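All remarks here apply to the structure that follows.
Numbering (full-length UniProt numbering), first residue to last: 1 to 160.
In structure tokens:
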């Protein structure tokens, strides 16, 4: 597997997390005034970002120069497919729960989703399934995302 572009990926990851952190900051400013639309935007962006992190696994799978053999996918490929599916289905579930049920529960589920994807990627990294350098980028971006969702979860903005 080729070397992962760590510097470029770190800039992209921080750029992707930046709206989440700005949204959380504005969300916490909501102590002074109600910002219900920003809360929904933050929840939707988190679901999209979680789905994107799952899609990255599928991108790694597709970028491999392999020949399709009659026996089907190997164990590594199945793990990448399942990890990608878990991420977007969990993002969808947390978005549905947040919109149809309780907004705070949706934020909590998204935080758990990011932690779960990170834990599964840690296993994949130990098995050598991820390119060198990718895991460090994911550790930083996951930490920032989870911090943002925990702040949103603790915000008084959740009861409108």
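Ideal Cβ positions, reconstructed from N, Cα and C, are used throughout, including at glycine. These figures come from a predicted structure and were not determined experimentally.
How would you write the range of the alpha helix (DSSP H) that residue 77 sits in, first residue to last?
Taken as a continuous stretch (DSSP letters only), the alpha helix (DSSP H) holding residue 77 covers 75 to 100.
Look at the alpha carbon of residue 134 and the alpha carbon of residue 102, and state the distance between them as a whole number of angstroms.
Rounded to whole angstroms, residue 134 to residue 102 spans 34 angstroms at the Cα level.
Label residue 119 either buried or exposed according to how many other C-beta atoms from any shown protein chain fall within 10 Å of its C-beta, with 16 as the threshold for buried.
Answer is exposed; the Cβ neighbour count stays below 16.
Does the pairing of the stretch 89 to 106 with the stretch 45 to 56 give three or more beta-carbon distances under 8 angstroms?
Touching, yes.
Relative to the C-alpha of residue 58, which residue among 129, 21, 116 and 11 is closest?
For residue 58, the nearest C-alpha among the options comes from 129.
Say whether the stretch 138 to 152 touches the stretch 6 to 25, bearing in mind that this needs 3 or more beta-carbon pairs closer than 8 angstroms, one atom from each stretch.
Yes, since at least three Cβ pairs between the stretch 138 to 152 and the stretch 6 to 25 fall closer than 8 angstroms, the two stretches touch.
Cα separation between residue 141 and residue 85?
Each residue's Cα considered, the two are about 20 angstroms apart.
According to DSSP, simplified to helix, strand and coil, what is residue 50?
Helix at residue 50.
Given a threshold of 16 other Cβ atoms within 10 Å of its Cβ, counted over all protein chains shown, does residue 91 qualify as buried or as exposed?
Burial call: buried.
Are the C-beta atoms of residue 74 and some chain D residue less than 9 angstroms apart?
Here there is only one protein chain, and chain D is not present.
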